[in-house]
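J.: Sequential numbering of the sequence shown, starting at 101, is according to the numbering used here. Cβ atoms here follow ideal geometry from the backbone N, Cα and C, with glycine treated the same way.
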Amino acid sequence: MDPVRPMLSLLPFAALLAYAVAAAVPPHKRLRPAQLVAGTLGILLHGGLLLMPLLTGLGLQFGVATAVSLVAWQSALMLLLFASREPVGGIARWVFAAALIGVAIGLIAPGASPRVQLDSWLLTTHIACSALAYGVLTLAAMQAAALWLRDRRLHSHPTPASTTDTVPLQTMERVLFQMIGLGFSLLTLSLASGLVVTQDVQAQHLTHKLVFTVVAWAVFAVLLAGRWRLGWRGRTAIRWMATGYAVLGLAYFGSKWVLETLLQTHWG
């Protein structure tokens, strides 16, 4: 019996435990040391789970559950990158909780989609940009939700800023648009590389995905232009962010669920 196999079977449970510890830490402007250590460990273990099929030559299985797990992992990874320079600790519990759910879904319902062999650098670039775009924009959606809750709380129960250990609204908005800008850039690269690697949009059942993705791209483009030209902020920015993210979710998860669950087919 291979002694490594039992250890590998414990990998997802170790990732769940690490994420649970990170999600249980009380919120703060910055990631607390315990949260940083536990979150980093969870991300490493989670990444090992997702990348193991590639390392063993099996290829990636892109079912809905795997996609959810991948996006949650990318969100947690990007959180650590933003946390190195920005005060994003307030959404850390949500991000690590989402990553925990992503690991759990991957365990419970791995799906039966055909595996994809990354034998082309263009295909690898497309998948990497897509996953990163969804991950960053998921992070932005959580930041927008935190901004909305903070704005609502301030309007309901105004509290002097000097007595709260919180991030100013202006800083939260600035970080939000940094996330949206990065996510938009990655989504642009994803669309461009996707058009190159796609041979036949209709035959590969990619029409709905492409249409929704382009609509989401346009929504984010208008939002960034509105911020730059008209100074959009607050609830206007949050509404546009929520709309773009909802359409983007339909582009991948919605169309993929319909294809695999209702129509019993798949992309490609």
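Among Thr166, Phe284, Gly139, which one has its Cα closest to the Cα of Ala233?
T.: Indexing the sequence shown from 1 puts residue 233 at position 133. Comparing Cα-Cα distances from Ala233 to each of Thr166, Phe284, Gly139, the minimum goes to Phe284.
J.: Where does Phe113 sit, in a helix, a strand or coil, going by DSSP?
T.: Residue 113 sits at position 13 when you count from the first residue of the sequence shown. Phe113 falls in the helix class under three-state DSSP.
J.: Beta carbon of Met178, beta carbon of Leu239: below 8 Å?
T.: Here residue 178 refers to the residue found at position 78 of the sequence shown. Here residue 239 refers to the residue found at position 139 of the sequence shown. It is a contact, given that the beta carbons lie within the stated cut-off.
J.: Contact check, Phe182 vs Gly139 under 8 Å by CB: the rounded distance?
T.: Along the sequence shown, one-based indexing puts residue 182 at 82. Along the sequence shown, one-based indexing puts residue 139 at 39. The Cβ separation is near 12 Å, so there is no contact.
J.: Counting pairs of Cβ atoms below 8 Å between the region 108 to 124 and the region 188 to 206, do you hit three or more?
T.: Yes: at least three Cβ pairs fall under 8 Å.
J.: Going by other Cβ atoms of all chains shown within 10 Å of its Cβ, with 16 needed for buried, is Trp372 buried or exposed?
T.: Because the chain here runs from 101 to 368, residue 372 falls outside it and cannot be looked at.
J.: Between the C-alpha atoms of Gly163 and His255, what's the straight-line distance to the nearest angstrom?
T.: Translated into the one-based positions of the sequence shown, residue 163 becomes position 63. Translated into the one-based positions of the sequence shown, residue 255 becomes position 155. Distance between the alpha carbons of Gly163 and His255 is about 42 Å.
J.: Buried or exposed: which applies to Phe113, given that a residue is buried once 16 or more other Cβ atoms fall within 10 Å of its Cβ?
T.: For the purposes of this step, residue 113 is taken as residue 13 along the sequence shown, with counting starting at 1. Phe113 comes out exposed.
J.: Using the rule of at least 16 other Cβ atoms within 10 Å of the residue's Cβ for burial, across every protein chain shown, is Val319 buried or exposed?
T.: Along the sequence shown, one-based indexing puts residue 319 at 219. When all chains shown are included, Val319 counts as buried.
J.: In whole angstroms, what separates the C-alpha of Gln174 from that of Ala167?
T.: The residue you call residue 174 lines up with position 74 of the sequence shown. The residue you call residue 167 lines up with position 67 of the sequence shown. Straight-line Cα distance between these residues: approximately 11 Å.
J.: Applying the criterion that 16 or more other CB atoms from any shown protein chain within 10 Å of the CB defines a buried residue, is Trp221 buried or exposed?
T.: The residue you call residue 221 lines up with position 121 of the sequence shown. It is exposed - the Cβ of Trp221 has fewer than 16 other Cβ atoms within 10 Å.
J.: Among residues of its own chain, excluding the 5 on either side of Met242, which ones have a beta-carbon nearer than 7 Å to its beta-carbon?
T.: Along the sequence shown, read from residue 1 onward, the residue named residue 242 stands at position 142. Around Met242: Ile191, Trp194, Val195.
J.: Thinking C-beta only, is Leu324 closer than 8 Å to Ile280?
T.: Here residue 280 is taken as the residue at index 180 of the sequence shown, counted from 1. Here residue 324 is taken as the residue at index 224 of the sequence shown, counted from 1. It is a contact, given that the beta carbons lie within the stated cut-off.
J.: Looking at the structure shown, is Lys309 part of a helix, part of a strand, or coil, going by DSSP?
T.: The sequence position of residue 309 within the sequence shown is 209, counting from 1. DSSP places Lys309 in helix when its eight states are reduced to three.
J.: So, under 8 Å CB-CB, Gly206 and Ala165 are touching, yes? Tell me the CB distance rounded to an integer number of Å.
T.: By one-based count along the sequence shown, residue 206 stands at place 106. By one-based count along the sequence shown, residue 165 stands at place 65. The Cβ separation is near 5 Å, so the contact holds.
J.: Starting from the C-beta of His226, find all residues in its chain whose C-beta is less than 7 Å away, skip the five residues before and the five after it, and write them out in chain order.
T.: Locating residue 226 in the sequence shown gives position 126, where the first residue counts as 1. Ser290, Ser293, Gly294, Val297, listed in sequence order.
J.: Quick check: what's the CA-CA separation for Gly354 versus Arg185?
T.: Residue 354 sits at position 254 when you count from the first residue of the sequence shown. Residue 185 sits at position 85 when you count from the first residue of the sequence shown. Distance between the alpha carbons of Gly354 and Arg185: 34 Å.
J.: According to DSSP, is Arg130 helix, strand or coil?
T.: Within the sequence shown, numbered from 1, the residue matching residue 130 stands at position 30. If DSSP states are grouped into helix, strand and coil, Arg130 belongs with coil.
J.: Counting C-beta neighbours from all protein chains within 10 Å, is the total for Ile338 16 or more, i.e. buried, or is it exposed?
T.: Here residue 338 is taken as the residue at index 238 of the sequence shown, counted from 1. It counts as buried.
J.: Thinking just about the alpha-carbon of each residue, which of Gly235, Val275, Leu141, Leu310 is nearest to the one in Leu170?
T.: As a working note, residue 170 is residue 70 in the sequence shown. Leu170 has its Cα closest to that of Gly235, out of Gly235, Val275, Leu141, Leu310.
J.: Distance check for His146 and Met341, CA to CA, integer angstroms please.
T.: Residue mapping note: residue 341 aligns to position 241 of the sequence shown, counting from 1. Residue mapping note: residue 146 aligns to position 46 of the sequence shown, counting from 1. In a straight line, the C-alpha of Met341 is about 28 Å away from that of His146.
J.: Which word fits Gly334, buried or exposed, when buried means at least 16 other C-beta atoms lie within 10 angstroms of its C-beta?
T.: Position 234 of the sequence shown, counted from the first residue, corresponds to residue 334. So Gly334 ends up on the exposed side.
J.: Over the uninterrupted alpha helix (DSSP H) stretch that includes Arg193, give me the two end residues.
T.: Position 93 of the sequence shown, counting from 1, holds the residue named residue 193. Looking at the DSSP string, the run of the alpha helix (DSSP H) that includes Arg193 is 192 to 208.
J.: Could you say which of Gly326, Val315, Gly331 lies nearest to Tyr345 if we only look at CA atoms?
T.: Indexing the sequence shown from 1 puts residue 345 at position 245. Closest option to Tyr345, Cα to Cα, is Val315.
J.: Between which two residues does the alpha helix (DSSP H) holding Phe182 run?
T.: Within the sequence shown, numbered from 1, the residue matching residue 182 stands at position 82. Counting along the chain, the alpha helix (DSSP H) containing Phe182 begins and ends at 164 to 183.
J.: Does Pro153 come out as helix, strand or coil in the three-state DSSP assignment?
T.: Within the sequence shown, residue 153 is the residue found at index 53, counting from 1. Reduced to three states, the DSSP call for Pro153 is helix.
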